[in-house]
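Chains as they are written, first to last, in my numbering: chain A, 94 to 436; chain B, 94 to 436.
Number of protein chains: 2
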Amino acid sequence: MKGVTIYDIAKELGVSPATVSRALSGSDKVKEETRRKIAETAKRLNYTPNYLARSLKKKQSYTIALIISDVTNPFFTNVARGVEDTASRFGFNTIFCNTDEDPDKERVYVDLMLKKMVDGLVVSSCGDGRTLLPLKEKGMPVVLVDRKVGKFHWDCVVGDSEGGAYTLTRHLIEVHGHKEIAVLAGPLTISTSAERIAGYKRALIEFGLPFRSELVTAGYYKEDFGYRIAKDFLSGEKRPQACFAGNNFIAIGVVRAAQEHGLRIPEDLALVTFDDLELASLLFPFFTVAKQPAYTMGSLATQLLLERIGGEKIKENREVVLKPEIIIRRSCGCEPGKQVLSG
Amino acid sequence: MKGVTIYDIAKELGVSPATVSRALSGSDKVKEETRRKIAETAKRLNYTPNYLARSLKKKQSYTIALIISDVTNPFFTNVARGVEDTASRFGFNTIFCNTDEDPDKERVYVDLMLKKMVDGLVVSSCGDGRTLLPLKEKGMPVVLVDRKVGKFHWDCVVGDSEGGAYTLTRHLIEVHGHKEIAVLAGPLTISTSAERIAGYKRALIEFGLPFRSELVTAGYYKEDFGYRIAKDFLSGEKRPQACFAGNNFIAIGVVRAAQEHGLRIPEDLALVTFDDLELASLLFPFFTVAKQPAYTMGSLATQLLLERIGGEKIKENREVVLKPEIIIRRSCGCEPGKQVLSG
DNA sequence: CTTCTCTTCGTAATCGATTTCAAATCATCG
DNA sequence: CGATGATTTGAAATCGATTACGAAGAGAAG
Numbered sequence: 094m095k096g097v098t099i100y101d102i103a104k105e106l107g108v109s110p111a112t113v114s115r116a117l118s119g120s121d122k123v124k125e126e127t128r129r130k131i132a133e134t135a136k137r138l139n140y141t142p143n144y145l146a147r148s149l150k151k152k153q154s155y156t157i158a159l160i161i162s163d164v165t166n167p168f169f170t171n172v173a174r175g176v177e178d179t180a181s182r183f184g185f186n187t188i189f190c191n192t193d194e195d196p197d198k199e200r201v202y203v204d205l206m207l208k209k210m211v212d213g214l215v216v217s218s219c220g221d222g223r224t225l226l227p228l229k230e231k232g233m234p235v236v237l238v239d240r241k242v243g244k245f246h247w248d249c250v251v252g253d254s255e256g257g258a259y260t261l262t263r264h265l266i267e268v269h270g271h272k273e274i275a276v277l278a279g280p281l282t283i284s285t286s287a288e289r290i291a292g293y294k295r296a297l298i299e300f301g302l303p304f305r306s307e308l309v310t311a312g313y314y315k316e317d318f319g320y321r322i323a324k325d326f327l328s329g330e331k332r333p334q335a336c337f338a339g340n341n342f343i344a345i346g347v348v349r350a351a352q353e354h355g356l357r358i359p360e361d362l363a364l365v366t367f368d369d370l371e372l373a374s375l376l377f378p379f380f381t382v383a384k385q386p387a388y389t390m391g392s393l394a395t396q397l398l399l400e401r402i403g404g405e406k407i408k409e410n411r412e413v414v415l416k417p418e419i420i421i422r423r424s425c426g427c428e429p430g431k432q433v434l435s436g
Numbered sequence: 094m095k096g097v098t099i100y101d102i103a104k105e106l107g108v109s110p111a112t113v114s115r116a117l118s119g120s121d122k123v124k125e126e127t128r129r130k131i132a133e134t135a136k137r138l139n140y141t142p143n144y145l146a147r148s149l150k151k152k153q154s155y156t157i158a159l160i161i162s163d164v165t166n167p168f169f170t171n172v173a174r175g176v177e178d179t180a181s182r183f184g185f186n187t188i189f190c191n192t193d194e195d196p197d198k199e200r201v202y203v204d205l206m207l208k209k210m211v212d213g214l215v216v217s218s219c220g221d222g223r224t225l226l227p228l229k230e231k232g233m234p235v236v237l238v239d240r241k242v243g244k245f246h247w248d249c250v251v252g253d254s255e256g257g258a259y260t261l262t263r264h265l266i267e268v269h270g271h272k273e274i275a276v277l278a279g280p281l282t283i284s285t286s287a288e289r290i291a292g293y294k295r296a297l298i299e300f301g302l303p304f305r306s307e308l309v310t311a312g313y314y315k316e317d318f319g320y321r322i323a324k325d326f327l328s329g330e331k332r333p334q335a336c337f338a339g340n341n342f343i344a345i346g347v348v349r350a351a352q353e354h355g356l357r358i359p360e361d362l363a364l365v366t367f368d369d370l371e372l373a374s375l376l377f378p379f380f381t382v383a384k385q386p387a388y389t390m391g392s393l394a395t396q397l398l399l400e401r402i403g404g405e406k407i408k409e410n411r412e413v414v415l416k417p418e419i420i421i422r423r424s425c426g427c428e429p430g431k432q433v434l435s436g
């Protein structure tokens, strides 16, 4: 832990620290022989550069932050892998921040990252935008992933939530003849939530079905929300025949509630949702889902971010929208093996 | 991105930067009134401290690194949550490094973290110890989690793999009468692997069964290893009646192979494994597992690490061993709801 | 040989905060 | 009132690397 510095190397060889810095940082004008000797002693003394000092001077930390709302959700895990893989391929580190869908935590992390001098952030925000204000003020490079934040204009990489929701809903109506479809959505402050409801609505309209607001509940993207609301509407008199869960976790809650009511899925309640449950689906292909390309989303977002960080002057804000893959399985009422609907 | 510094605040108030630093960094001797004025202007100028400069001087970055081998595995995800939660509770950030079970990647990350001046690391190593050598040389604080590395002595927090494997194997023998139990283990270089085989062996010996090495295969902790080997032994003449998969991913591979062979689990092949599949089990409680307290492991490891970083002089190396919870479900052949075996 | 250019290298400033040491201020008291 | 000790504050060094600027040396051209 003592720490060999460029001064030690310089003293050892009788040259100046400046020369050592130049030699080690690559291709400045340094005589070949000097460079060789410096590289040699650096290795011999077991020198490791101090990135803090380097970053302080260069005003670049080669570190980005990723703010996501739930590490236990495979969707975000895959986003994270995409971000991390891409970042490290370009020599960047990633600091992970897990907000648990709590805007307060998000705010704290944002401030912290500002102090830590990260070079940029990939953010899937659970707030309404206010939490990200400091980033805007400081002019910090940011790319939004999965969730847009209306207030600000930043690059973003998102899934086509409206389209996915439309296709799923349409499937329930067209193929299975359902007319009363409950929706358990995430918070209305989050873009994916609003868009999924919009997609649902478009499908209803297209098939001449009424939009009944009592069937639509906005809450949060967690299992217990799905459980709570499903418990509720499943015990009612005229329960809906189908349910569109806002994401995979909500869907799990719905399943649990149905089990407790002794209801079978899909016989008593058809169910479709967003985002696949990777491992679970490998073993028990059950949920009919709109599966988003999570890894790609993370990877693309990082690429956009690194372009900005790299100093490329990009005026306009870029918006990448990726189509989800619709995977028809059993929970909607289809037989396994049934033909996959084209997106 | 301009950056307000303590010099700006100092100039504004006609005091010295030193005083500003003292005032902002808490409770050094600064007159109350001065402190108030400084805090005020700091807020007014929207000052954010530069942690890089701070870390450079204090030789502490308030950042730790977590090296894990597979972020898609819920076990490690939970370890990660435990680490991150605990670290951030004490004001530390966590840099996540995902090695994909590749020792080369691990080596690269280790070097990088050394340069980044992290204050310490929580490591679940996929190597044989050589990759961690630089950490030892530099005297970097390290706590091993999940996997011990024989070569070095560091604090560690691990699960009782031997005991868990023993109990699972014993269950297969005692309750279900299996005599030929295949084992698909991870790499022998990884401690959990060797220990799980040892536990398996102890159970065999206790029940007077022969240890047949052709039933035991060591490979790696991934799905495709389970799939490949299971495909192999399931097509043989006298296939084993039961299988102990080294971890959850291997187990998934075994299931997939069994499905392709038209074999049913547990009727045609009983299966037990280590580490639960959180979400999958919520929906489809299927695997009989030794479930390790992953979150706790991460949290404890971080606590031990922070103690070291905090400068507490602890001579001896601490070893925390946590017992897994044995959850009996269907894959071993038990009926659901059957009584839980005591560890 | 002088002058000029080009390469190579050293001096010193710099990034922003912390900290040591000493100076300045203030209060207290004989 | 001056001495003594406690509080506050400032000047300057420091962490380790980068870099602007200029000097020294080598080689080329006249």
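Idealized CB from N, CA, C, for every residue including glycine.
**Message:** Let me see if you follow: with CB-CB separation under 8 Å, is R200/A close to chain B or not?
**Reply:** no
**Asked** Helix, strand or coil for D101/B per DSSP?
**Response** helix
**Message:** Against chain B, does E428/A count as a neighbour if the rule is that its beta carbon must be under 8 Å from one of theirs?
**Reply:** no
**Message:** I'd like to know whether the C-beta atoms of T187/A and L159/A end up nearer to each other than 8 Å.
**Reply:** yes
**Message:** Let me make sure I understand the geometry here. Which of C249/A, L370/A and F245/A has the alpha-carbon closest to that of E412/A?
**Reply:** C249/A
**Message:** Only counting the same chain, and skipping five residues up and downstream in sequence, which positions put a Cβ closer than 6 Å to that of F367/B?
**Reply:** N340 and A383
**Request:** Thinking P359/A and E273/A are a contact (beta carbons under 8 Å), I'd like their distance in whole angstroms, please.
**Result:** Not quite, the Cβ-Cβ distance comes to about 15 Å (not below 8 Å), so this is no contact.
**Message:** Beta-carbon within less than 7 Å of A296/B's beta-carbon, same chain only, minus the 5 sequence neighbours each way: which residues are those?
**Reply:** Y259, T262, R263 and I266
**Prompt:** Skipping 5 residues on each side, what residues in its chain have a beta carbon closer than 7 Å to that of D101/B?
**Reply:** L138
**Prompt:** In chain A, which residues lie less than 7 Å from V348/B when you measure between Cβ atoms?
**Reply:** L376
**Prompt:** Just how far apart, CA to CA, sit E288/A and E255/A?
**Reply:** Between the alpha carbons of E288/A and E255/A lies a gap of roughly 5 Å.
**Request:** State the CB to CB distance for the pair G329/A and I322/A, rounded to an integer number of angstroms; the pair is presumed to be in contact (CB under 8 Å).
**Result:** No, G329/A and I322/A are not in contact; Cβ-Cβ is about 11 Å, not under 8 Å.
**Rounded straight-line distance, which links the Cα of I421/A to that of S435/A** = Low confidence applies here, because S435/A scores a pLDDT of 38, under 50, leaving its location unreliable; read the following figure in that light. Roughly 10 Å between the two C-alpha positions.
**Request:** On a CA-only basis, which of Y314/B, F342/B, G107/B and L308/B is nearest L327/B? Give me that one, please.
**Result:** L308/B
**Asked** Looking at C-alpha atoms only, which residue of G220/A, L399/A and M206/A is the closest neighbour of N143/B?
**Response** Minimum Cα distance to N143/B is reached at M206/A.
**Prompt:** Considering only C-alpha positions, which residue in the set G319/B, G213/B and K151/B is nearest to G232/B?
**Reply:** It is G213/B.
**Request:** Run the CB neighbour count on I407/A, radius 10 Å, all protein chains shown included, and call it buried at 16 or more, exposed below.
**Result:** Of the residues assessed, I407/A falls on the exposed side of the cut-off, its CB having fewer than 16 other CB atoms within 10 angstroms.
**Prompt:** Is L205/B close to chain A, meaning its C-beta is less than 8 Å from at least one C-beta of that chain?
**Reply:** yes
**Request:** Please list, in chain order, all residues of the same chain as K416/B whose beta carbon is under 8 Å from its beta carbon, the five residues on each side excluded.
**Result:** G252, D253, G256, G257 and G436
**Prompt:** Whose Cβ in chain B lies nearer than 7 Å to the Cβ of F245/A?
**Reply:** Simply none; closest approach about 16 Å.
**Asked** Between the C-alpha atoms of V211/B and A173/A, what's the straight-line distance to the nearest angstrom?
**Response** The alpha-carbon atoms of V211/B and A173/A are separated by roughly 21 Å.
**Asked** Would you say I131/B and A111/B are within 8 Å of each other, going by their C-beta atoms?
**Response** no
**Range covered by the alpha helix (DSSP H) that runs through L297/A** = S284 to E299
**Prompt:** When the Cα atoms are used, what is the spatial distance from S374/B to K244/A?
**Reply:** 40 Å
**Request:** Helix, strand or coil for G404/A, going by three-state DSSP, please let me know.
**Result:** In the structure shown, G404/A falls within a coil segment according to DSSP collapsed to helix, strand and coil.
**Asked** Excluding sequence positions up to five away, which residues of its chain have a Cβ less than 6 Å from the Cβ of S424/A?
**Response** I358, P359, L364, F379, F380 and T381
**Message:** Tell me the residue span of the alpha helix (DSSP H) that contains F318/B.
**Reply:** E316 to S328
**Item:** Identified DSSP bridge partners for F367/B
**Value:** A383/B
**Rounded C-alpha distance that separates S217/A from L302/A** = 34 Å
**Outcome for V235/A when other beta-carbon atoms lying within 10 angstroms are tallied against a minimum of 16** = buried
**Asked** How big is the Cα-Cα spacing for I99/B and R147/A?
**Response** 20 Å
**Asked** Enumerated in chain order, which unbroken segments of the beta strand (DSSP E) with a length of 3 residues or greater are wholly contained in the stretch 220-267 of chain B?
**Response** 235-238 and 248-252
**Message:** My output table needs one value for F377/A: the three-state DSSP class, helix, strand or coil.
**Reply:** coil
**Asked** Which value, in whole angstroms, describes the spacing of the CA atoms of L281/A and E194/A?
**Response** 13 Å
**Item:** G213/A, DSSP secondary structure in three states
**Value:** strand
**Request:** Give a yes or no on whether 8 Å exceeds the smallest Cβ distance from Y144/A to chain B.
**Result:** Output row for Y144/A: interface = yes.
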